[in-house]
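Numbering (this note's numbering), first residue to last: 952 to 1273. Each residue gets a CB set at the ideal place from its N, CA and C atoms; glycine is no exception.
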Ligand code: ADP
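Below you can see the structure in the form of structure tokens.
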């Protein structure tokens, strides 16, 4: 398997109208959600073989999520069904400026019931890349399972990708969240953060200063997505910004996951993350920006995650219109 993503797979109930609060949303549309699962789908659309490790409830929503993974070509071999806990639900009011109003129904939530004993160690030791986030570390036993899985894949030589994806409503204590994010940081090769969580995680608004902290912890590359502004990268030697693309935005859900799936596919093609030239980094981040921008043009995440050919077409259109 090229890529395994571990973590949450849940239902997003997305407000049927944009730019309303959860309080005033008139209705919700059911959609598959969960950042690591989105990354698994994004990677499959980039042409990678991908699989998902996690848990849903033994309920109609869990069944719907399993069918969705299978339909998108992501392996569900390590998606487990919990007979007791229900599939986690998230109600989301989206805004065209990218901000989100989110309420989780996760008490306890099947996604958090993944235990270390259930982990597919053979698959973890043979994948080329493992991607994870912090949501699966917000509760036990999934917290221990996440860390154990990352250690196993790392020891076997997989590329480890970490998107902290800090979701405040899921944490009773923000200090615990930050401590766990920094506990996981040295295990990762590539870390992608979004500008909204940057200051919380790094303690500074400054991109270079924060990236230095991340790189000092061990990762080889720090990426920061900046919404419509594009993204920033720092690999310890070179750093820079790559501007985003101007597109008609339907909603920005999943743009970060599309970005991650796209850049990881490029790292796997290159066969490395460290010692990439500045030109290669610029090209790869631009490719990620294009995947993110295209995701913003459609409604919902999974239907909007672009295929590799669509990203390539978009990039050549951009070049020919300059
Ligand atoms: P996240 O979903 O993790 O918060 P972002 O919203 O920053 O991540 O989006 C990830 C990438 O998608 C950005 O780096 C950018 O390239 C692209 N993107 C996001 N929002 C827009 C937008 N409004 N217009 C064009 N591109 C966007």
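If you measure from each CB to the nearest heavy atom of the ligand ADP and keep those under 6 angstroms, what residues do you get, in chain order? 1049, 1145, 1176, 1177, 1178, 1179, 1181, 1182, 1195, 1196, 1198, 1200, 1203, 1206, 1207, 1210, 1240, 1243, 1244, 1247
Identity of the residue in 1033, 1010, 995, 1037 nearest residue 1021 by Cα: 995
Answer yes or no: do residue 1236 and residue 1198 have a C-beta to C-beta separation smaller than 8 angstroms? no
Are the Cβ atoms of residue 1211 and residue 1171 separated by less than 8 angstroms? no
In whole angstroms, what is the alpha-carbon distance linking residue 1073 and residue 1130? 29 angstroms
With residue 1164 as the anchor, note down where its alpha helix (DSSP H) starts and where it stops. 1158 to 1167
Could you please give the first and the last residue of the uninterrupted alpha helix (DSSP H) stretch that includes residue 1207? For residue 1207, the enclosing alpha helix (DSSP H) covers residues 1206 to 1221.
Less than 8 angstroms between CB atoms is the rule here; does residue 1082 satisfy it with respect to chain B? This model lacks chain B altogether; it includes just one protein chain.
Between residue 1241 and the rest of its own chain, which residues show a CB-CB distance below 7 angstroms, the 5 nearest in sequence each way excluded? 1196, 1262, 1265, 1266
In chain order, what are the residue ranges of uninterrupted alpha helix (DSSP H) at least 4 long that sit wholly in the region 1020 to 1083? 1072 to 1077
Could you tell me whether the region 1063 to 1077 touches the region 985 to 994, using the rule of 3 or more Cβ pairs below 8 angstroms? Contact between the region 1063 to 1077 and the region 985 to 994 is absent: fewer than 3 CB-CB pairs across the two stretches fall below 8 angstroms.
Could you compute how far the alpha carbon of residue 1023 sits from the alpha carbon of residue 1191? For residue 1023 and residue 1191, the distance between alpha carbons rounds to 34 angstroms.
Roughly how many angstroms lie between the CA atoms of residue 1179 and residue 1244, to the nearest whole one? 8 angstroms
Give me, in chain order, the residues of the same chain whose beta-carbon lies closer than 7 angstroms to that of residue 1046; leave out the 5 immediate sequence neighbours on both sides. 969, 970
Got a sec, what are the start and stop residues for the alpha helix (DSSP H) residue 1234 sits in? 1229 to 1247
Would DSSP call residue 1192 helix, strand or coil? strand
First and last residue of the uninterrupted beta strand (DSSP E) at residue 1185: That run of the beta strand (DSSP E) goes 1182 to 1185.
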